[in-house]
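First comes the structure, then the notes that go with it.
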Amino acid sequence: MFYILASRLQQEVSNVKKFTWNYSESGHGKGAPDGIGATCKRTADAVVATGGDIDNLESFVEAIQRRCSAITLFTIDDKAIQELTDGLQNETVNLKSFNGTLKIHQVKAEILRSPLESAPKAAKLIMKSLSCTCEDECQHFNLGVLEYKNKTKLNVDDIYTDSESENMDNSQNSTMETEDDGALAGPSSINQQNYTIGDYVLVKFLVRNTEYCYAAVINKIDTEEGELTVTFLKICDDKGHTFRVDENDVSDVPFDQVIKKLPNPDVALKGKRIFYYFNIPVPVFEK
C-alpha cells in the first residue's frame, strides 16, 4: 500500500509534489469507499427489482452513472491489474514494512525530484496517528517515516551531449578526486546515513562536567553542518517509558552528541494530550 503511494501515484499525476491521505477513524481507510459501495449496490438492486438487466460490468457502470450523478466509476481491466501485480513482484526488494500500521490515520508524503528528467526520484512518507493540518513538515502525532529511493544508475549519455565530449577527461579526473575525498569523509557523513526525519534518538549534553541525556525526535538533518534539529521529549514517569513532546524545546545537536537511535514509541491520547510510550526504558538524565 505505502509503496504504491510512493512509486505509482507520481506516474498517474506527473506533477505531484506533496499529498496527504487521511484515514477514516472507524473504518481505518475504508469508511468512504464502503459507503459508496453500499450506495452502488442498493442502486443496482433497485434496477434489477424494477425489471432492469445488469449482466456485465459495462451495464452496471451505465446504470450507476445514470442514477448517481455524484459518483464517478472507473473500470479497470484484468490486463492492467496483472501488469501492476507483475511490476510489484519484480520490485519486492523495494518493499518496506512499517511497525504500527494499525495506528496510522494520516500519511503525509513528499515526492523528491531531480532537475534531470532521467535522474532518480525519491519519496518520503510521514506516518501520523492523528490528522494534522499543518502545511509544512511538523512533528505532530508522528509515528515514523518511510523513505523510498530510486537507485537507478545514470548513464553518461543521459547527461552529456556530443558537444561536451571533449570535457569528459576532465570530468573523469574530477570524479576520481571526489571518490578520494569520499574515502576521507568525516563522522558526520557516516552518522547521517543512520538517521531519517521522524526518528527518535537519545542525545547528550555536557554542562559543568555533568552529562545530561534527553530523548528527542528528529525534525531536520543538516549534512553540511553535521547536525540534527530535534524536538525534545519530557519524561512523564519514573521508569523512562512515558514521554510527551515539548514543542517549544527545539535545538540543533551535532551528530557526535547522539548516543543512539531509539525504537518507535506507541502513541496514546489522554484527554487532549499525546503521550509516547517506549517498550524499553529510556535512560534519560534531565536537568
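Numbering (full-length UniProt numbering), first residue to last: 1 to 287.
Here a beta-carbon is modelled for each residue, glycine too, at the ideal position from N, C-alpha and C.
Bear in mind the structure is a predicted one, so any value in this text is a computation, not a measurement.
Residues bridged to residue i (per DSSP)
i, result
"Tyr212", "Phe205"
"Ala122", "Leu112 and Lys149"
"Asn22", "Gln106"
"Tyr200", "Val217 and Leu262"
"Asn142", "Lys128"
"Ser69", "Answer by DSSP bridge pairing: none, since Ser69 is not bridged."
"Pro33", "Pro33 pairs with nothing; no bridge assigned."
"Thr242", "Tyr277"
"Leu57", "For Leu57, which the question treats as bridged, DSSP gives no partner whatsoever."
"Asp252", "Thr229"
"Asn4", "According to the sequence provided, residue 4 is Ile. The question's Asn does not apply to it. Answer is none; Ile4 lacks a bridge partner."
"Leu84", "Answer is none; Leu84 lacks a bridge partner."
"Lys234", "Arg244"
"Leu269", "Ile274"
"Asp222", "Glu227"
"Phe98", "Bridge partners of Phe98: none, in fact."
"Phe285", "Cys213"
Backbone CA spacing between residue i and residue j [nearest angstrom]
i, j, result
"Asp157", "Asn15", "Any answer about Asp157 is weak, because its pLDDT of 43 lies below 50 and its placement is not dependable; what the coordinates show is given next. Distance between the alpha carbons of Asp157 and Asn15: 25 angstroms."
"Leu95", "Ser131", "25 angstroms"
"Thr210", "Val250", "21 angstroms"
"Asp252", "Val217", "12 angstroms"
"Leu146", "Met127", "8 angstroms"
"Leu269", "Phe275", "6 angstroms"
"Val47", "Met1", "34 angstroms"
"residue 304", "Ala44", "Residue 304 cannot be examined here, being either before or after the span of the chain that is shown, 1 to 287."
"Lys149", "Val93", "12 angstroms"
"Asp34", "Lys17", "29 angstroms"
"Phe205", "Leu143", "25 angstroms"
"Lys103", "Arg244", "17 angstroms"
"Cys138", "Ala49", "53 angstroms"
"Val13", "Thr223", "31 angstroms"
"Glu58", "Leu88", "28 angstroms"
"Gly271", "Ser129", "15 angstroms"
"Arg42", "Phe74", "19 angstroms"
"Gln10", "Ile221", "25 angstroms"
"Phe98", "Glu62", "40 angstroms"
"Asp237", "Tyr212", "17 angstroms"
"Glu179", "Glu225", "In this predicted model, Glu179 has a pLDDT of only 43, less than 50, meaning its place in the structure is not dependable enough to derive any value."
Nearest candidate by alpha-carbon position, reference residue i, set the options
i, options, result
"Phe232", "Val61, His140, Gly51 and Leu73", "His140"
"Lys260", "Ile274, Tyr195, Ala268 and His241", "Tyr195"
"Gly100", "Ala49, Leu206 and Tyr277", "Tyr277"
"Gln257", "Phe243, Ala215 and Lys239", "Ala215"
"Asp246", "Glu225, Arg273, Thr223 and Glu58", "Arg273"
"Gly37", "Phe60, Asp237, Asn90 and Gln89", "Phe60"
"Thr20", "Ile221, Gln82 and Cys134", "Cys134"
"Lys239", "Ile221, Ile280 and Leu73", "Ile280"
Proximity of residue i and residue j at Cβ, strictly below 9 angstroms
i, j, result
"Val230", "Asn248", "no"
"Val203", "Ile235", "no"
"Tyr23", "Gln106", "yes"
"Arg8", "Leu84", "yes"
"Thr39", "Ile71", "yes"
"Ala123", "Ala6", "yes"
"Pro254", "Glu227", "yes"
"His241", "Val207", "no"
Contact with chain C by residue i, beta-carbon distance below 9 angstroms
i, result
"Glu83", "Looking for chain C here will not work: only one protein chain is present."
Practice task
Report yes or no: do three or more beta-carbon pairs, one from the segment 196 to 209 and one from the segment 252 to 265, lie closer than 8 angstroms?
Solution key: yes
Handout entry: Segment contact, 8 angstroms Cβ cut-off, at least three pairs: the segment 50 to 70 with the segment 101 to 112
Key = no
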